[in-house]
Amino acid sequence: DAGITQSPRHKVTETGTPVTLRCHQTENHRYMYWYRQDPGHGLRLIHYSYGVKDTDKGEVSDGYSVSRSKTEDFLLTLESATSSQTSVYFCAISERGNQETQYFGPGTRLLVL
Amino acid sequence: QKEVEQNSGPLSVPEGAIASLNCTYSDRGSQSFFWYRQYSGKSPELIMFIYSNGDKEDGRFTAQLNKASQYVSLLIRDSQPSDSATYLCAVRYSSASKIIFGSGTRLSIRP
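Protein chains in written order, with this note's numbering: chain A, 105 to 217; chain B, 653 to 763.
Have a look at this one:
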């Protein structure tokens, strides 16, 4: 998985609780991304980062926030989890934005009850 | 709304035959095109990328790009049961530093 880890790998939580997912890379890549994957929707971009403290929204950013205080870590926070946020979350990295390809982490399965 | 369209399948192909997967996109300004393979329960892995019109070959895989018709395809020759997976097409649009994924085509290779 190109030196990318995600934690936790599985999580069950209750509606209304905050949840933080972590993506850690050892490749020193500048760009990092958070996607969610749902049946019939493919991968949808939530947020991405183009450097430390530099982030931007993707197509499905409502209800999510991100932070990147170090090159190697990109955190995704569900501020108040809802059942519609039950999904598989993938982190990805790339070297030069989308001039280079993206490499994906193993994913986190989140179930919001 | 920039879109990437794929037939969801399943596409069933006999072992040893050629599997042909297609993808269309909406923005003529698109610059980069990617094919990812995703096994059930796993993360997407890159198979090929293509930037220029024409064909690009890598082993049993050939990516074909036709910008005038706004489609990109992936051919898998000598299909093997291990090729059974979902194939995701992705497109980088010229105006964005991010890529858009199609919803994927599920491919099944039958022995």
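C-beta atoms are modelled at their ideal positions from N, C-alpha and C, and glycine is treated no differently.
Going by DSSP in three states, Asp730 (chain B) sits in which element: helix, strand or coil?
coil
Answer yes if the stretch 180-196 of chain A comes into contact with the stretch 164-172 of chain A, meaning at least three C-beta pairs across the two stretches below 8 angstroms, and no otherwise.
yes
So Phe701 (chain B) contacts chain A; which residues on that side make the cut at Cβ distance below 7 angstroms?
Thr205
Range covered by the beta strand (DSSP E) that runs through Pro140 (chain A):
It is worth fixing the name first, because residue 140 (chain A) is Arg in this sequence and not Pro. Segment Tyr135 to Asp142, the beta strand (DSSP E) holding Arg140 (chain A).
Which residues does DSSP list as the beta-bridge partners of Ala737 (chain B)?
B:Leu759
Under the three-state DSSP convention, the category Ser672 (chain B) falls into
strand
If you measure beta-carbon to beta-carbon, which residues of the stretch 187-199 of chain A are closer than 8 angstroms to chain B?
Phe194
Min CB distance Arg172 (chain A) to chain B below 9 angstroms
no
Report the neighbours of Pro210 (chain A) on chain B: residues whose CB is nearer than 9 angstroms to its CB, in chain order.
Lys694 and Ser695
With C-beta atoms as the reference, is His128 (chain A) less than 9 angstroms away from Gln141 (chain A)?
no
Three Cβ pairs or more, each shorter than 8 angstroms: is that satisfied between the stretch 667-682 of chain B and the stretch 750-761 of chain B?
yes
First through last residue of the beta strand (DSSP E) which encompasses Leu125 (chain A)
Val123 to Gln129
Within 9 angstroms of any Cβ in chain B, is that where the Cβ of Gly155 (chain A) sits?
no
Can you find a CB in chain A that lies within less than 9 angstroms of the CB of Leu759 (chain B)?
no
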